[in-house]
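First comes the structure, then the notes that go with it.
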Amino acid sequence: MSRSKLSKIETGSVSPSITDVDCILSALGVSDEVKAEYMAAAREAATEVTAWRLVRRLGYSRKQRQVQALESRTALLRLFQPSLIPGLLQTPEYARAVFARKNLPETQLERTIGARLARQAVLYSEGKTFRFIITESVLRWRILPPLAMAGQLDRLISASRLPGVDIGIVALSTPQRDFPGHSFAIKDDRTVTVELVHAETVMTDPRDVSLYVSKFDRFSESAVSGDEMRTLVERIRDELLREQETA
656 MSRSKLSKIE
666 TGSVSPSITD
676 VDCILSALGV
686 SDEVKAEYMA
696 AAREAATEVT
706 AWRLVRRLGY
716 SRKQRQVQAL
726 ESRTALLRLF
736 QPSLIPGLLQ
746 TPEYARAVFA
756 RKNLPETQLE
766 RTIGARLARQ
776 AVLYSEGKTF
786 RFIITESVLR
796 WRILPPLAMA
806 GQLDRLISAS
816 RLPGVDIGIV
826 ALSTPQRDFP
836 GHSFAIKDDR
846 TVTVELVHAE
856 TVMTDPRDVS
866 LYVSKFDRFS
876 ESAVSGDEMR
886 TLVERIRDEL
896 LREQETA
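Using my numbering, the first residue of the sequence shown is number 656, and each one after it goes up by one.
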C-alpha cells in the first residue's frame, strides 16, 4: 500500500477496501482473533442493503437521479439482465409499464419515468463502455402489447449501433453451463449492484465482485452480438408485428 493511500485512509478522505484492511492488520501484527473481528466488520461494511420500501419513501425519481450520477462517473458498466430490458435501453412505454406496478401517483410516475429516460444520455458520452447481456426470454416477456414491445426491440437494435454500446443476447436455443439467477450491474470492477425482490444490495468486496465478473463473462461467451444479435431481435420483433396484424 502506498504512503499516500495510507494517509488518505488515516484522514478519512477514502474508505479502506477489504484488501486494505487486511494489509494494515497484517502490518500491525495483531492477533488472529482481533484480525478476524476487524475483517468481519470490514466485510459487513462492504455490503450495503437498501430496502425498496425506503426507496419508495424517498422517491423513485430521486433514486434514478442517484443512479444517473453513479453512471456518469463509470467508465465501464457491465449489466446482466434475465428479467427485463435494462433501464438505460427502455422506451418510455416500457419504463411506464415497469413503474406502473408500483402504484405511484401520476405526478410521481411521470417524474420517475422522466428521470429514468434522462439517464440514457450517458450512452452517447465519449470514453465510456456499456456492455449488456440480456436473455432472450426478456425480449419475449409480454409486459407490453405486441406493437409497443416491437418498438422496444427496435430501440435495442438502434442502441446496439452506438460506438460505446455492446448488447449481447443469450438465445434460448444456446446450450448453457450456468443459471441466470438475478440481474446485476458491475461498475468499473469496483462495485456490484444486485436488485432483489425486497432490496438493492451493493457490494465492494473484491472477492464478491470477481464472482460476478466471472458470471458475466460466462454468459458473454454464449451470447450473440453485432449483426447476429440484431438478426435475432429483428426476428422476434417481426413475430410481434405479425401477431399485431392478425389480432
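Cβ coordinates follow ideal geometry from the N, Cα and C atoms, glycine included. Please read these numbers as outputs of a predicted model, since none were measured by experiment.
Checking the sheet assignment: what are the DSSP bridge partners for M858? The count along the sequence shown starts at 1 and reaches residue 858 at position 203. In the DSSP output, where bridge partners are listed per residue, M858 has T702 and V847.
If contact is defined by three or more beta carbon pairs under 8 Å, each pair taking one atom from either stretch, is the region 781–795 in contact with the region 751–767? With the cut-off at 8 Å, the region 751–767 and the region 781–795 do not touch.
S815 to T746 span [Cα, whole Å]: Within the sequence shown, numbered from 1, the residue matching residue 815 stands at position 160. Within the sequence shown, numbered from 1, the residue matching residue 746 stands at position 91. C-alpha separation (whole angstroms): 14 Å.
For the 8 Å Cβ check, are there 3 or more pairs between the region 732–750 and the region 825–842? Inter-segment contact for the region 732–750 and the region 825–842 is present: three or more beta-carbon pairs are separated by less than 8 Å.
Tell me which residue opens and which closes the beta strand (DSSP E) that D821 is part of. Counting from one through the sequence shown, the residue named residue 821 turns up at place 166. Note, D821: beta strand (DSSP E), V820 to V825.
Mind checking whether Q721 and R774 have CB atoms under 8 Å apart? The count along the sequence shown starts at 1 and reaches residue 721 at position 66. The count along the sequence shown starts at 1 and reaches residue 774 at position 119. Not closer than 8 Å, so no.
To the nearest angstrom, how far is the alpha carbon of V669 from that of T705? For this step, residue 669 is matched to residue 14 along the sequence shown. For this step, residue 705 is matched to residue 50 along the sequence shown. Any reading at V669 must be qualified, since the residue scores a pLDDT of 49, below 50, and its modelled position is unreliable; the value itself is stated next. V669 and T705: Cα-Cα distance of roughly 22 Å.
Could you say which of G806, Y779, T790 and G819 lies nearest to F834 if we only look at CA atoms? For the purposes of this step, residue 834 is taken as residue 179 along the sequence shown, with counting starting at 1. Ranking the options by Cα distance to F834, first place goes to T790.
In its own chain, which residues sit with a C-beta less than 6 Å from the C-beta of L896, not counting the 5 before and 5 after it? Position 241 of the sequence shown, counted from the start, is the residue given in the question as residue 896. Within the same chain, L896 has close Cβ partners A805.
Option in T702, E894 and S681 with minimal Cα separation from P801: The residue given as residue 801 occupies position 146 in the sequence shown. The candidate whose alpha carbon is nearest that of P801 is E894.
Residue interval of the alpha helix (DSSP H) (run including Q763): The residue labelled residue 763 in the question sits at position 108 within the sequence shown. Here the alpha helix (DSSP H) through Q763 covers E761 to R774.
In whole angstroms, what separates the C-alpha of D863 from that of L887? The residue labelled residue 863 in the question sits at position 208 within the sequence shown. The residue labelled residue 887 in the question sits at position 232 within the sequence shown. Near 33 Å, if we compare the C-alpha coordinates of L887 and D863.
For V852, count the other beta carbons within 10 Å of its own beta carbon; 16 or more makes it buried, fewer makes it exposed. Which is it? Start at 1 with the first residue of the sequence shown, and residue 852 comes out as number 197. Classification of V852: exposed, given that the 10 Å Cβ count is below 16.
Sort E883, E898 and S875 by Cα distance to I788 and report the nearest one. Here residue 788 corresponds to residue number 133 of the sequence shown, with the count starting at 1. I788 has its Cα closest to that of S875, out of E883, E898 and S875.
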